């Protein structure tokens, strides 16, 4: 294919030489000597063009540059694909602890609302519920899935004052759970942080939420099975 293209370009250059020669002859000086010089200069220009762009060496050089260019694009694409894969693993399946830790740090650097990257091990005996269990809020009635928990409430002080009533000071010292809420009960894919005594576990209930697949691999009919990255944070759940 390279030789065919080269021959075509050479033929085109030679073919164009005839009308160019005619124009040079017609519009340049009338003396034969000056016309001859003009034609020689034109021929030299064509040879220079041919050597630079139509020679075998130039085509080999061009081919190498093209291959290197596409190789570079391929390498960049591989890097992008790898980054996309890592991102997916950070939100889904992961083969190490670091992706989960980084996701948690980006989500909330203070570790509020059960987003701390700390591994919950050993598991305190007084923590009643586990990630993957489906719950129903005793007061508000919405359903959801437990995606995390803290041994005691871990949230901004202002939030605790607003959300925990004055007659429930013990909520701060009890386990609190991060819940992804069923969109049929509350729209917009909400996530809540619920004190343990407000949770009632329900069975045979699937939850609809846009982040369900991010946290869980499947539903076994009773509860959701955590993905590896989440299981690493809660190894005993």
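Residue numbers (UniProt numbering): 1 to 237. C-beta: ideal position from N, C-alpha, C; glycine also. Model, not experiment: these values are computed from the prediction.
Just to confirm, is the Cβ distance from residue 234 to residue 199 under 8 Å?
no
- Query: With burial defined as no fewer than 16 other Cβ atoms inside 10 Å of the residue's Cβ, what is the status of residue 220: buried or exposed?
  - Reply: exposed
- Query: For residue 136, which beta-bridge partners are listed by DSSP?
  - Reply: 143 and 200
Would you tell me roughly how many angstroms separate the C-alpha atoms of residue 195 and residue 117, rounded to the nearest one?
-> 20 Å
Report the residue from 236, 41, 152 and 136 whose alpha carbon sits nearest the alpha carbon of residue 240. Not covered by the structure: residue 240. The range shown for the chain is 1 to 237.
Can you tell which of 236, 228 and 183 has the C-alpha that lies nearest to the C-alpha of residue 143? 183
Other residues of its chain near residue 138: CB distance less than 6 Å, five sequence neighbours each side excluded: 198 and 200
Simplified DSSP assignment, three categories, for residue 118
coil
Would you kindly report the start and end of the unbroken beta strand (DSSP E) that includes residue 192?
191–195
Secondary structure at residue 237, three-state DSSP: helix, strand or coil?
coil
Original post:
Relative to the alpha-carbon of residue 126, which residue among 173, 222, 67 and 202 has its alpha-carbon at the smallest distance?
Top reply: 173
*asked:* So, under 8 Å CB-CB, residue 154 and residue 189 are touching, yes? Tell me the CB distance rounded to an integer number of Å.
replied: 22 Å between Cβ atoms; not a contact.
**Study point:** Reduced DSSP secondary structure (H/G/I, E/B, other) of residue 67
**Key:** helix
- Relative to the ligand FMN, is the shortest distance from any of its heavy atoms to the C-beta of residue 216 smaller than 7 Å? The model depicted lacks the ligand FMN and carries no ligand whatsoever.
| field | DSSP state of residue 185 mapped onto helix, strand, coil | value | coil
inquiry  = Less than 6 Å between C-beta atoms, sequence neighbours within five positions excluded: which residues of the same chain meet that for residue 224?
reply    = 132, 145 and 216
Please classify residue 161: is it buried, with 16 or more other beta-carbons within 10 angstroms of its beta-carbon, or exposed?
exposed
Could you tell me which of 170, 152 and 214 sits nearest to residue 123, measuring between CA atoms? 152
Note to self: I need the straight-line Cα distance from residue 120 to residue 227, nearest angstrom please.
What the structure shows: 16 Å
*asked:* Looking at the secondary structure, which residues open and close the alpha helix (DSSP H) in which residue 159 lies?
replied: 157–163
- Backbone secondary structure at residue 213 - three-state DSSP: helix
Only counting the same chain, and skipping five residues up and downstream in sequence, which positions put a Cβ closer than 6 Å to that of residue 180?
144, 145, 147, 191, 209 and 211
Quiz item: Of all the CB atoms in chain C, is at least one closer than 8 Å to the CB of residue 224?
Solution: Absence of chain C from the displayed structure is noted, only one protein chain being present.
*Thinking just about the alpha-carbon of each residue, which of 134, 128 and 150 is nearest to the one in residue 218?*
134
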